[in-house]
Every structure is written in structure tokens, then in C-alpha cells.
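Numbering (our numbering), first residue to last: 1 to 267.
Even for Gly, the Cβ is constructed at its ideal location relative to N, Cα and C.
Please read these numbers as outputs of a predicted model, since none were measured by experiment.
Written out below as C-alpha cells is the structure these notes cover.
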């Protein structure tokens, strides 16, 4: 029974997804994993489908006809599959699993009130740990600062230029597993009850801000997000987003934070 879905999007990164599919076959419980691919942008869908199925015959490929973004695009595959998965992994495909028993470890012995789990995510280029994304819920003041910074091209570029000037040193010592407000969006593991709550609203976030959206849904339902430091992935960041222009990213940030502010941080 394939009760764990791995939901990803394709955006002109066919070779990367083929490689990612191969890595799923190396997992100890590969027979329980269902790969779902949503084609946000693909030059030759039929050729891609044929090549993917040669590697992973059980994979399912969906073509919505337009670019649905990240979280909404990934969950489109879950919706279209019509299956009731115990866990859904929403993930980038520019990642490498450190363990062949990744899925066993990250979903094993998880309390029922935990709706989302994420591993230790290490950037390959810098050694920086991306989790936890936010240990505590940000204040309304902080949200307004972000909203303002993303509101126009000049402030957006200035914000990230200043951010790049801050030193980002690899963390030393052991990372500790703990409950947090939000985990990093490059690898979410959702319990099915969480997916049911995200599906009606994920279309409002095209890209960026997914971590806050998920954090708020979990918080509003009285559940928990867990950072599991005992299991890890390597993140080869910007394989896709690195090719997207700053102006498009600024627009996506602006729209996401406008929605988040109006619906979750307005009091």
C-alpha cells in the first residue's frame, strides 16, 4: 500500500526530477511511496513521462495546463490522485536524502497532535542549517516590515542586498529536535489532516510565504510543527528559483504577504 505521497512540481527541471525519482527507489520503504509530479512548465510532457516511468513506473504525472506555483502545485497532484495518504511530503527536488531510511525515521513515533515534520536541512554550498525556519510566531510588527520590504522593487532589492551582507556561519554542535512555529518550505511532511486544511487556501500563495501559511494553519487548529534534527537532507538550493528574475520574485512575495497579513496577522 502506497500510503506516503511525495508531491513535487516540475518547472523545466526534468532531469532533476528523474534523478530525484531514482533516489526514492533507494529508500527502505520505497514500496510505500507514491511520487506525484505536477507539470507547472514542461517542454515535452510525453517524453518526460516516458523517461520518468522507466525509472519509477508507479509515478503519476499531472498537467494542470498552467503554472500553479509551489505549494498549490504540489498539492494539485494530491487532489487529483484521489487517494487518502497518511503522510504527504511537499518538497523541492534539488535535495539529497542523507539516510536510506529517511521516511521511516521522519514519520515514526510522531505524536498525533503533530501535523507537520521537517528534517535538518543543510545547504550544500554553505553548510548553513535552514531549519527551524521560525522558532516562534513573528509579531505583527515584523510581518508589516516584511510586507513593506516586499511592496516594491526598490525596497525588495534593498532588503535582500542587506540580508546578503549578514554573515551566515554554519552552526556548530548538535542540532536539537523541538517543536517550532514554522519549518522550512523545501521539505514539509504533512499529516493527512493538515493537508485537508491547507488544500482550500493554498491557491492564495503562488510562491514564498508557504512556511507562514502552514504555521498559521497548524497554530489555528491547536496542533504542532516538529523539527526533527535526527534525520537530514542536503539542499542544493536555487536549481529552479535561481533562474527566475528578481522582479517576478518580488511580485510573488508582495502578493503572498498581502494575503497573509489580511487573513492571519490583521489583529
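Decide if residue i is buried, meaning its Cβ has at least 16 other Cβ atoms within 10 Å, or exposed.
i	result
residue 125	exposed
residue 132	buried
residue 1	exposed
residue 11	buried
residue 100	exposed
residue 25	exposed
residue 121	buried
residue 92	buried
residue 266	exposed
Following the continuous beta strand (DSSP E) through residue i, name the residue where it begins and the one where it ends.
i	result
residue 42	Premise fails: residue 42 is in no beta strand (DSSP E) and is neither H nor E.
residue 9	4 to 11
Below 8 Å on the Cβ atoms is my contact criterion, and I expect residue i with residue j to pass it. Report the Cβ-Cβ distance as a whole number of Å.
i	j	result
residue 85	residue 9	Between residue 9 and residue 85 the Cβ distance is about 17 Å, and since that is not below 8 Å, they are no contact.
residue 118	residue 175	12 Å between Cβ atoms; not a contact.
residue 37	residue 59	6 Å
What does residue i pair with, by DSSP beta-bridge criteria?
i	result
residue 232	120
residue 187	91
residue 33	4
residue 225	116, 180
residue 62	38
residue 134	182
Over what stretch of residues does the alpha helix (DSSP H) that includes residue i continue unbroken?
i	result
residue 211	210 to 220
residue 99	Note, residue 99: premise wrong, no alpha helix (DSSP H); not H, not E.
residue 144	140 to 149
residue 78	71 to 81
residue 264	246 to 264
residue 180	Taken as a continuous stretch (DSSP letters only), residue 180 belongs to no alpha helix (DSSP H), being part of the beta strand (DSSP E) at 178 to 180.
residue 17	14 to 25
residue 110	Run containing residue 110: none; DSSP gives neither H nor E here.
residue 267	Run containing residue 267: none; DSSP gives neither H nor E here.
Within the present structure, is the beta-carbon of residue i separated from the nearest heavy atom of the ligand GTP by less than 7 Å?
i	result
residue 84	This structure lacks the ligand GTP; in fact it carries no ligand of any kind.
Quiz item: Can at least three beta-carbon pairs, one atom from the stretch 58 to 67 and one from the stretch 29 to 48, be found at a separation below 8 Å?
Solution: yes
Practice problem: Determine contact between the stretch 204 to 215 and the stretch 251 to 259, defined as no fewer than three beta-carbon pairs at a distance below 8 Å. | Solution: yes
Quiz item: Is the stretch 177 to 186 touching the stretch 223 to 232, taking contact as three or more C-beta pairs under 8 Å?
Solution: yes
Quiz item: Counting Cβ pairs, one atom from each stretch, are 3 or more of them under 8 Å apart for the stretch 148 to 157 and the stretch 91 to 107?
Solution: no
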